[in-house]
Structures are given as structure tokens and as C-alpha cells.
């Protein structure tokens, strides 16, 4: 069964450093998303991406965040200057049509 | 502010019983509703979607939606210890593609 994959599974970085989280969505899916989950808290929406542009973003997704689909298979989330409060699980999701979103295994980001 | 509320639990049921999980949402224009299962340390796994009032059954799972009451529920029949997880309710308002998640209900199924 096709699934969303994410790399790395765990990323440790120092405050102020840039990180890029990578995702390979399910191959026939057209809609891509990033969510995050701080330990013990709700899953929070960051951004959705369709037709090579951002379709929606939350208040969390400020100028420090960006997304890109650099080729036909990868979807990336970049955090330009990480803060301690960016420590969380970051989930990529994709969907063939809007709404039924399938999540990848996540990247645990630890900012020290 | 769109809110999705769930009782955090834990909800403890014996093996073979029916587990009933509930969710309320604040945005009256919400159109699409989803249940995800999340095992500890893992990612959310989509188990049910429901779009119209009434019941939708899939195997041991039944989702129920009442838009007038802004209420969605998930029933798990013949609960198994492997069903022990946190169940997340997620809602989409049709204003975009984002899902708003509840905090989840932790289900414990005891052998």
C-alpha cells in the first residue's frame, strides 16, 4: 500500500540554525500538507500546497517557514532560524482529493 | 476560532465491549469529519471519514454525524487490546483544506 515517507526521522539542531524536513507524498496525490504536534498537545495545521503554490497557511507558518516542491516527488519544509519552541513532531500529509489526508511517520525536531 | 473538543480520557473498556468516542465542533459550516487513530509516538492514521448526517459503518467502526448538534462520534465494536490508542477527531470547514484536530481521547481496552 502506498504511503507517505519522511526524512529524517529525528533531527537535532541548534537554535538559530536552518533545517529542511523532507517528505515524499503518495505518488498520485495532488494536495500536500505540513502539520506539527508539540509533545502532549494537539496536531496543528501549518500549510497546504496545491498546484505548486501555497493554498492555505496558519498563523504558525510565519516568515521563518517555507515550503517547496523541488521536483516531481519531494515536498520540503524549511525553517530558516529555529527557535526552542519549534521543537515538535512534524508530519507531512497528502491527499488525492481535498480532506482525506494520509500522514507520514513524522520527523522529530529537537532544537537545543 | 474553530474548536474541536474531545474528552481526553482515558476511556477504559473491557475486551469485546463497544467503545464510544465523542467529539463536538464549534464551526457550524464544517462539512467533513474524520477519525484518526494515533498510537503512542506514531503518526495519525486515518480510519474513518463522514460527510453527511447519519451513520457510516466500516468493519468494526461506525462513525455518526449530527450537524444540527455539531456532534460526531465513533463506535468501535468488539474492542480489542490492539485498539488501545488515542483517537483524534478532525474537522474541515470547507473554507480550505486544513484539518482542525481535537486533543484526542485515549482508549484503553483491557483483556
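Residue numbers (our numbering), protein chains in the order written: chain A, 3 to 114; chain B, 33 to 143.
Ideal Cβ positions, reconstructed from N, Cα and C, are used throughout, including at glycine.
Integer Cβ distance of residue i from residue j, believed to fall under 8 Å
i	j	result
residue 78(B)	residue 93(B)	That pair is no contact at about 11 Å.
residue 38(B)	residue 137(B)	5 Å
residue 109(A)	residue 14(A)	That belief does not hold up - the Cβ atoms of residue 109(A) and residue 14(A) are roughly 11 Å apart, past 8 Å.
Partners in chain A for residue i, counting only beta-carbon separations shorter than 8 Å
i	result
residue 106(B)	Those within 8 Å of residue 106(B) in chain A number zero; the least Cβ separation is about 16 Å.
residue 130(B)	35, 47, 50, 58 and 60
residue 78(B)	102, 103, 104 and 105
Pairwise C-alpha distance: residue j and residue i
i	j	result
residue 37(A)	residue 49(B)	33 Å
residue 40(B)	residue 54(B)	10 Å
residue 60(B)	residue 102(B)	7 Å
residue 118(B)	residue 70(A)	31 Å
residue 86(B)	residue 121(B)	17 Å
residue 21(A)	residue 83(A)	8 Å
residue 104(B)	residue 140(B)	20 Å
residue 27(A)	residue 75(A)	7 Å
residue 89(B)	residue 73(A)	39 Å
residue 44(A)	residue 96(B)	22 Å
Chain B contact residues for residue i, given Cβ-Cβ distances below 8 Å
i	result
residue 74(A)	The premise fails here: residue 74(A) is roughly 21 Å from chain B at the closest Cβ pair, so nothing lies under 8 Å.
residue 80(A)	Correct list: empty, because the minimum Cβ distance to chain B is about 20 Å.
is_contact[residue i, chain B] using C-beta, thresh 9 Å
i	result
residue 68(A)	no
residue 93(A)	yes
residue 89(A)	no
Test: residue i CB closer than 9 Å to a CB of chain A
i	result
residue 134(B)	yes
residue 46(B)	no
residue 120(B)	yes
Residues that residue i contacts on chain A, provided the C-beta gap is smaller than 9 Å
i	result
residue 54(B)	The contacting residues do not exist; residue 54(B) stays about 16 Å from chain A at best.
Residue j beta carbon less than 9 Å from that of residue i
i	j	result
residue 105(A)	residue 76(B)	yes
residue 103(A)	residue 81(A)	no
residue 90(A)	residue 111(A)	yes
residue 107(A)	residue 33(A)	no
residue 35(A)	residue 23(A)	no
residue 98(A)	residue 31(A)	yes
residue 125(B)	residue 33(B)	no
Chain A contact residues for residue i, given Cβ-Cβ distances below 7 Å
i	result
residue 75(B)	93, 105, 106, 107 and 108
residue 62(B)	Neighbours of residue 62(B) on chain A: none; closest Cβ ~11 Å, over 7 Å.
residue 81(B)	102
residue 124(B)	101
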